[in-house]
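Worksheet for the structure shown next.
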Amino acid sequence: MRIVFFDIFILLSVLSCIECGKSYVIQPNKWDYRGHDIAFEVSHSRGDSDVSTIPSKKTPILLLNGFGVGSFHQHRLIAELVVSDKEESSNVDNPDDDNYQTVYCIDYLGQGSSWPRDCADGLSENEKGLAYCAELWIDQLATFIEQVVMPQHQGKKVHVVGNSVGGHLAAHLAYQRPDLVETICLLNPTPVWGLNLPGWSGHLPPPKVPRAIGRFLFDKIRELGTIEKYLDAAYTRKDAFDETLMNQIRACTLGAGGHAAFASILWSKPLLVAGEKDFQKCLAGVDCDVLLLFGKDDPWCKPAFAKKMLQALNSRKNGKAQRYVEVENCGHCPNHEAPQAVGSVVTKWVNSMYRDAKSVSLVRSEKEVFDEAWGATPISERQVEDIELSLLDRVAVTFV
Numbered sequence: 020m021r022i023v024f025f026d027i028f029i030l031l032s033v034l035s036c037i038e039c040g041k042s043y044v045i046q047p048n049k050w051d052y053r054g055h056d057i058a059f060e061v062s063h064s065r066g067d068s069d070v071s072t073i074p075s076k077k078t079p080i081l082l083l084n085g086f087g088v089g090s091f092h093q094h095r096l097i098a099e100l101v102v103s104d105k106e107e108s109s110n111v112d113n114p115d116d117d118n119y120q121t122v123y124c125i126d127y128l129g130q131g132s133s134w135p136r137d138c139a140d141g142l143s144e145n146e147k148g149l150a151y152c153a154e155l156w157i158d159q160l161a162t163f164i165e166q167v168v169m170p171q172h173q174g175k176k177v178h179v180v181g182n183s184v185g186g187h188l189a190a191h192l193a194y195q196r197p198d199l200v201e202t203i204c205l206l207n208p209t210p211v212w213g214l215n216l217p218g219w220s221g222h223l224p225p226p227k228v229p230r231a232i233g234r235f236l237f238d239k240i241r242e243l244g245t246i247e248k249y250l251d252a253a254y255t256r257k258d259a260f261d262e263t264l265m266n267q268i269r270a271c272t273l274g275a276g277g278h279a280a281f282a283s284i285l286w287s288k289p290l291l292v293a294g295e296k297d298f299q300k301c302l303a304g305v306d307c308d309v310l311l312l313f314g315k316d317d318p319w320c321k322p323a324f325a326k327k328m329l330q331a332l333n334s335r336k337n338g339k340a341q342r343y344v345e346v347e348n349c350g351h352c353p354n355h356e357a358p359q360a361v362g363s364v365v366t367k368w369v370n371s372m373y374r375d376a377k378s379v380s381l382v383r384s385e386k387e388v389f390d391e392a393w394g395a396t397p398i399s400e401r402q403v404e405d406i407e408l409s410l411l412d413r414v415a416v417t418f419v
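Going by the numbering used here, the residue at position 140 of the sequence shown is 159; the numbering climbs one at a time, nothing skipped.
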């Protein structure tokens with residue numbers, strides 16, 4: 020029965036892509052990580068063929084989610100990455116069958132559809148001892164690349180594209196495991212993660228007080244009204260999200276392990292570089308090309324932080340490229356609010372051998388405009404000196 024259901028799920032994924040006018044495939048999968056069921060998806064434009072039967076020559080892309088969502092939040096961007104790449108390849112005489120883009124998405128353990136088996140509010144044997152933190156997720160991502168992605172792509176490194184906490188993880192993954200990462204693209208990355216609250220290490224099961232606090236806050240933030248308020252703040256264009264997205268986000272919270280996972284995340288420790296929780300030091304130590312791509316209207320991870328990040332990247336002496344593209348009429352989630360714009364820039368980025376400004380133009384003119392379904396979305400490439408800071412911006416960046 021489970022096999023039949025899984026086959027139907029794959030078929031529906033394929034059909035939904037065709038109905039949208041985008042000829043590509045999304046294949047849902049499960050992978051075992053430390054005895055836990057991890058949900059991931061593989062996308063490509065090779066009809067209904069399994070990616071393992073025709074390995075691609077191209078370096079794969081791994082998309083990393085923001086907090087509280089699953090791979091469904093990447094589906095708009097997937098369409099642009101695999102279809103734009105297919106259209107680009109069709110303009111080449113006699114394109115190779117194996118010259119196509121493959122995109123992977125993965126849900127972090129304790130997020131989306133990735134959970135320990137037989138969850139029981141942090142009390143089950145599979146949950147005991149777990150600490151849902153960035154360190155765990157970095158290990159999960161590195162293991163996934165080693166065990167799942169690289170074997171299908173002749174051992175190639177991956178391009179990692181992360182939004183929000185996904186950008187934070189992408190940078191630390193590149194810093195810790197340069198042997199796995201070809202380039203990183205950070206979409207409004209959060210510069211901080213992990214409150215490291217006192218009184219508990221974050222390892223399940225939670226003590227009484229953290230459990231009560233986590234349960235109270237989790238029940239509040241997963242209300243549909245709260246989710247709508249969050250999206251209303253995160254998105255510039257309100258037409259860019261709908262009840263479907265709200266219900267998908269809420270569905271991620273309905274499992275038996277959600278309350279304990281949220282409490283663990285609240286108490287989780289930050290990732291350290293040379294003993295410090297300094298994201299700029301992490302970026303300065305990354306040994307690959309880095310693309311920053313920011314929604315200009317993000318109320319939290321503002322372009323002011325992009326300026327500080329770009330300064331850290333510019334301090335590197337390794338000859339690697341660092342670029343910054345700004346997206347107007349777009350907030351915290353450019354992968355979902357500006358998929359055409361992001362897809363265009365990322366496709367040029369990953370398809371280029373050399374990624375400095377002299378070698379590849381990421382934006383066609385001084386300001387290129389994309390016609391997203393909810394309105395015009397201009398993008399432009401900017402330098403450190405072009406990013407202006409308000410007084411509040413100057414104060415904010417001093418604390419991060």
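Glycine included, every Cβ here is placed at the ideal spot set by N, Cα and C.
Q. Between Leu236 and Leu214, what straight-line distance do the alpha-carbon atoms span, to the nearest angstrom?
A. 15 Å
Q) Alpha carbon to alpha carbon, what distance is there between Leu411 and Trp319? A) 12 Å
Q) Which term fits Arg413, buried or exposed, when burial requires 16 or more other beta carbons within 10 angstroms of its beta carbon? A) exposed
Q: Kindly list the residues whose CB is nearer than 7 Å to the CB of Asp112, restricted to its own chain and excluding five residues on each side of it in sequence; keep chain order.
A: Low confidence applies here, because Asp112 scores a pLDDT of 39, under 50, leaving its location unreliable and the question unanswered by this model.
Q) Helix, strand or coil: which one does DSSP assign to Asp297? A) coil
Q. What residues in its chain sit with their C-beta under 6 Å from that of Trp134, if we drop five residues either side in the sequence?
A. Gly274 and Gly276
Q.
With three or more C-beta pairs closer than 8 Å as the rule, is the segment 256-276 touching the segment 170-185?
A. no
Q: Report yes or no: do the segment 224-240 and the segment 192-201 share at least 3 C-beta pairs separated by less than 8 Å?
A: no
Q | Pick from Thr396, Ala392, Ala293 and Lys327 that is closest to Ile406, judged by C-alpha positions | A | Lys327
Q | Alpha carbon of Asn207 to alpha carbon of Asp308, nearest angstrom | A | 17 Å
Q. Which residues in the same chain as Cys352 place their Cβ atom closer than 8 Å to its Cβ, once the five residues preceding and following it in sequence are excluded?
A. Gly85, His92, Asn182, Ser183, Leu206, Asn207, Ala253, Tyr254 and Gly314
Q) In chain order, what residues of the same chain lie with their CB nearer than 6 Å to the CB of Ala395, ignoring the 5 residues before and after it? A) Val388
(Q) Let me confirm a value: Phe418 is counted as buried when at least 16 other C-beta atoms fall within 10 Å, else exposed. Which label applies? (A) exposed
(Q) As a quick exercise: from Thr121, Ala139 and Asn348, pick the residue whose alpha carbon is nearest that of Gly129. (A) Ala139
Q.
If contacts are defined as beta-carbon pairs under 8 Å, then Val364 and Tyr373 qualify, I think. What distance do you get, rounded to the angstrom?
A. That pair is no contact at about 16 Å.
Q. Just reading off the alpha helix (DSSP H) that Val369 is part of, what are its end residues?
A. Pro358 to Val369
Q) So Gln341 is in the beta strand (DSSP E); what residue range does that whole segment cover? A) Gln341 to Val346
Q. Does Ala161 come within less than 9 Å of chain C when only Cβ atoms are used?
A. Absence of chain C from the displayed structure is noted, only one protein chain being present.
Q: May I have the straight-line CA-CA distance separating Lys257 from Leu285, to the nearest angstrom?
A: 29 Å
Q: Return helix, strand or coil for Cys124, following the three-state DSSP convention.
A: strand
Q) What span of residues does the beta strand (DSSP E) with Phe52 cover, start to end? A) What sits at residue 52 in the sequence shown is Tyr, not Phe. Tyr52 -> beta strand (DSSP E) spans Val44 to Tyr52.
Q. To the nearest angstrom, how far is it from the Cα of Ala98 to the Cα of Asp51?
A. 27 Å
**Q.** Secondary structure of Gly277, DSSP reduced to three states
**A.** helix
Q) In whole angstroms, what separates the C-alpha of Gln330 from that of Val403? A) 7 Å
Q: Have a look at Ser64 and Asn118 and give me their C-alpha separation to the nearest angstrom.
A: 10 Å
Q.
Given this structure, state the Cα-to-Cα distance separating Pro225 from Ser371, to the nearest angstrom.
A. 47 Å
**Q.** Pro197 in three-state terms, based on DSSP
**A.** coil
Q. CA-CA distance, Glu144 and Gly54?
A. 11 Å
Q: Using 10 angstroms around the beta-carbon of Gln166, count the other beta-carbons present and answer buried if the total reaches 16, otherwise exposed.
A: exposed
Q | Gln120 versus Asp126 - alpha carbon distance | A | 20 Å
**Q.** Own chain partners of Pro74 with C-beta closer than 8 Å, once the 5 adjacent residues on each side are dropped
**A.** Asp117, Gln171, His172 and Gln173
**Q.** Where Pro170 falls: helix, strand or coil (DSSP)
**A.** helix
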